[in-house]
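Numbering (this note's numbering), first residue to last: 89 to 331. Glycine included, each C-beta is placed from N, C-alpha and C at the ideal position. Read through the structure below, which is laid out as structure tokens, and then see the notes.
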Ligand SMILES: C[S@@+](CC[C@H](N)C(=O)[O-])C[C@H]1O[C@@H](n2cnc3c(N)ncnc32)[C@H](O)[C@@H]1O
């Protein structure tokens, strides 16, 4: 897969055999098809574009989505907190456009497996298309309601990003390996609190609720200071371990 980057840093996916058009001009299909990763090409308006190979974050930035997707700060922390690695087996629900499912697939590698449940057929189709386009083969999209049952066992991580996740914590327990993790993303503190209490009741250990705040810095002539704009809130992360 090839991507094109304009002078502003804006990214676009290239489809083989298709002409490219943007407000920075037109580039013929044959120029793009013959261009190699790292080449620079010019549009008819003499604007410069760079051809790059998208990594997973470039791809997620531009992939089709019909609902909100998890932010990198939250995805990164789930991976780090649970120690996910090559060969692990993951259950994920709901899939949405597939942002965290793609990250799970990327981290567990060819020896691992990701089973991602999405209740809505239209969302499941978009996620499947995104995953196929990224070219990763270890993710299975299941157009199923996870609350009707988790088909898999021997799972290392079950990640739930859906309403009332605590309704299935007992099923989650049964599907997890000893040492495996439950992780929940909850936009509301009430859902996070209930998740904590019910995880405790089911018998999970190492239960934690985390909120991550990310603030960039701006470098100005007068000095360096935090940016005045930041994401005020995304969600709470609840972690619990089967031991
Ligand atoms: C906020 S989106 C998920 C975003 C996604 N986790 C990501 O990586 O960006 C929540 C998704 O959960 C799905 N969903 C809600 N209840 C579900 C259920 N019981 N089983 C499977 N999917 C469900 C919704 O259709 C929606 O696509």
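- Under DSSP, residue 202 takes part in a beta bridge, and its partners are 178, 227.
- When only Cα atoms are considered, residue 140 and residue 92 end up about 6 Å apart.
- Residue pairing by DSSP places residue 323 opposite no residue, since no beta bridge is assigned to it.
- For residue 269 against residue 329, the beta-carbon gap comes to about 5 Å, under 8 Å, which counts as contact.
- Taking a contact to require three or more Cβ pairs closer than 8 Å, the segment 163-175 and the segment 123-132 do not qualify as touching.
- Scanning 99, 299, 105, 121 for the CA closest to the CA of residue 112 turns up 99.
- For the segment 139-199, the continuous beta strand (DSSP E) assignments of 3+ residues that do not extend past its boundaries occur at 177-181, in sequence order.
- In this structure, residue 185 sits near residue 157, with a CB-CB distance shorter than 8 Å.
- Under DSSP, residue 121 takes part in no beta bridge, so it has no partner.
- With a beta-carbon spacing of about 5 Å, residue 152 and residue 214 fall inside the 8 Å limit used to define contacts.
- In the DSSP annotation of this structure, residue 292 is not part of any beta strand (DSSP E), being labelled neither H nor E.
- Partner residues in the beta bridge of residue 314, as assigned by DSSP, are 305.
- Ligand 1 never approaches residue 281 closely enough for any of its heavy atoms to be under 7 Å from the residue's Cβ.
- Remark: the C-beta of residue 249 is in contact range of ligand 1, defined as less than 7 Å to any heavy atom.
- In the pairwise beta carbon analysis, the segment 281-294 is classified as touching the segment 245-254: at least three pairs are separated by under 8 Å.
- The beta carbon of residue 132 sits closer than 6 Å to the beta carbons of 113, 114 from its chain, once the five residues preceding and following it are set aside; these are given in chain order.
- When DSSP reads this structure, residue 247 sits in a beta bridge with 180, 271.
- Taking a 10 Å sphere around the C-beta of residue 121, we find fewer than 16 other C-beta atoms and assign the residue as exposed.
- Ranked by how close their Cα comes to the Cα of residue 194, the residues 222, 244, 207 have 222 in first place.
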